[in-house]
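Its first residue numbered -8, the sequence shown is counted upward by one per residue in my numbering.
Glycine residues also receive a C-beta, built at the ideal position from the N, C-alpha and C atoms.
Read the structure below first, then the notes.
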Amino acid sequence: MDADQGVEAIKRVNPQHVIPIHYDDYDVFKQPLDVFQAAVKTAGLEGRVTYLHRGETYHFPLAPTAEPVSAVAHDVPVDQPDVPV
-8 MDADQGVEAI
2 KRVNPQHVIP
12 IHYDDYDVFK
22 QPLDVFQAAV
32 KTAGLEGRVT
42 YLHRGETYHF
52 PLAPTAEPVS
62 AVAHDVPVDQ
72 PDVPV
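See below:
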């Protein structure tokens, strides 16, 4: 993958936020990270990309929810654990 392909992937997938990883782990990447960074900036996407150094942590902000989180995928509310699914 080269820088232009990486930018195209961001545009197609349209995630809220991107954190490039494994950019120097494999030989399939055709360009170094700094070329990707420049392409991201040229595309006007730099506000959606965070670059981390090895060992750094990023905490994704969680949006508040209006309803309680369900206990299982079938939307059984947490306060009713004995409801058959």
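I'd like to know whether the C-beta atoms of Ile12 and Arg39 end up nearer to each other than 9 Å. Contact: no.
Proximity below 9 Å, CB of Asp79 to CB of Lys32: Residue numbering for the chain in the displayed model covers -8 to 76; residue 79 lies beyond these limits and cannot be assessed.
With DSSP collapsed to three states, give me the class of Val4. Looking at Val4 - three-state DSSP - the assignment turns out to be helix.
Measuring alpha carbon to alpha carbon, tell me which of Pro55, Tyr14 and Ala30 ends up nearest Leu43. When each option's Cα is compared against that of Leu43, the closest is Tyr14.
Please report the residue range of the alpha helix (DSSP H) in which Asp15 lies. Where Asp15 is concerned, there is no enclosing alpha helix (DSSP H), given that its DSSP letter is neither H nor E.
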